[in-house]
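Have a look at the structure below before the remarks.
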Ligand code: AMP
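Residue numbers (my numbering): 2 to 285.
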């Protein structure tokens, strides 16, 4: 497995892979790898001959009061896990490679970027889309793989690739969960004691929403109410629970089978998100 730590090194490594022939897939991450990230590597390996995984904790997607400084970082472990999973190239750029000078041009996430997490994290998706565009520019993959766990992020990235004609395929892979339903997240490492049990409220609320839909409930307000009750009972401090259109992310009044229940909340100081389509697969 090759490791590239700068723009120059990634250009050389990409060139070497291209010389070897075959297509290239990129899996962008912020490290602290878990089975969710590694499932994206598996999907990438199904789609392309070579897999590049990037590890970069992107400062521009964190708000001033968010957890950039304490975000979990363990590069040695990440490299071991990536190698064991058959990654060909790990790209670990420094901040100076990604942001070599003051950034003048940013990607505007538009209307869908103002919804859901965008409402409480101003500038977050601008930072995400800008760094993903840079990583795509630096690695120049044929396909880039993202997790459904970060649903709004995946929708915005797919939309960016289409609206800005990036010529890269965007693949969205299912959410990997613990056996009890909790979606894997690097931020789960922050959970202490009873918080782990409270965090289960997110997937339980999604299950409640899906059950209501299965039972014939179509009033989105009513489904939201049922999901909120589960979160309250679990001790999750709710940021939002919404039933949205899967493309525009606008809230719907009547739920359809492709509508997505998206939710965010805090357990102690830890902010967690989760989502599920009401009437289709990828259930918690
Ligand atoms: P992060 O390191 O949190 O920025 O995540 C990097 C990529 O892994 C993103 O595309 C996430 O959506 C994806 N990801 C994170 N958690 C999971 C999970 N539990 N299942 C599947 N993909 C995930």
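Where is the CB? At the ideal position from N, CA and C, for every residue including glycine.
Counting only the Cα atoms, residue 185 lies some 7 Å from residue 179.
Residue 148 and residue 155 have their C-alpha atoms some 7 Å from each other.
Between residue 160 and the set 255, 248 and 221, the nearest pair of CA atoms involves 248. Annotated three-state conformation of residue 100 is coil, per DSSP. Apart from sequence neighbours up to five positions away, the residues of its chain that approach residue 208 with a beta-carbon distance below 6 Å are 285, ordered along the chain. Per DSSP, residue 262 lies in no alpha helix (DSSP H) segment; the continuous beta strand (DSSP E) that holds it begins and ends at 261-268. Between residue 242 and residue 199, the C-beta gap is not smaller than 7 Å, which leaves the two residues out of contact. Relative to the Cα of residue 277, the nearest Cα in the group 169, 12, 153 and 163 belongs to 153.
In the DSSP assignment, residue 163 falls within the alpha helix (DSSP H) that extends over 152-164. Taking residue 60 as the centre and dropping the five residues before and after it, the same chain places the C-beta of 69 and 96 closer than 7 Å to its C-beta, in chain order. Looking only at 16, 123, 151 and 108, the smallest Cα-Cα distance to residue 29 is reached by 151. Runs of the beta strand (DSSP E) spanning 3 or more residues and lying entirely within the region 59-105 occur at 90-92, in chain order.
From the listed residues 245, 144 and 239, the smallest Cα separation to residue 266 is found for 239. The criterion of a C-beta distance shorter than 7 Å is not satisfied by residue 24 and residue 220. For residue 13, no beta strand (DSSP E) encloses it; the enclosing alpha helix (DSSP H) starts and ends at 8-21.
The three-state reading of DSSP puts residue 125 in helix, counting H, G and I together. According to DSSP, residue pairing for residue 146 in a beta bridge involves 172.
Relative to the ligand AMP, even the nearest heavy atom lies 6 Å or more away from the CB of residue 135.
It is roughly 20 Å from the alpha-carbon of residue 104 to the alpha-carbon of residue 167.
Within the DSSP bridge table, the entry for residue 53 names 27 and 90 as partners.
The C-alpha of residue 268 lies about 19 Å from the C-alpha of residue 227. In this structure, DSSP gives residue 184 an extended state, which the three-state scheme calls strand. Relative to residue 2, the option among 18, 12, 22 and 158 whose CA is nearest is 18.
Taking a C-beta distance under 7 Å as the contact criterion, residue 262 and residue 279 qualify as a contact pair. Inter-residue distance for residue 169 and residue 57 is about 20 Å (C-alpha atoms, whole angstroms).
Under the three-state reduction of DSSP output, residue 238 falls in the strand class.
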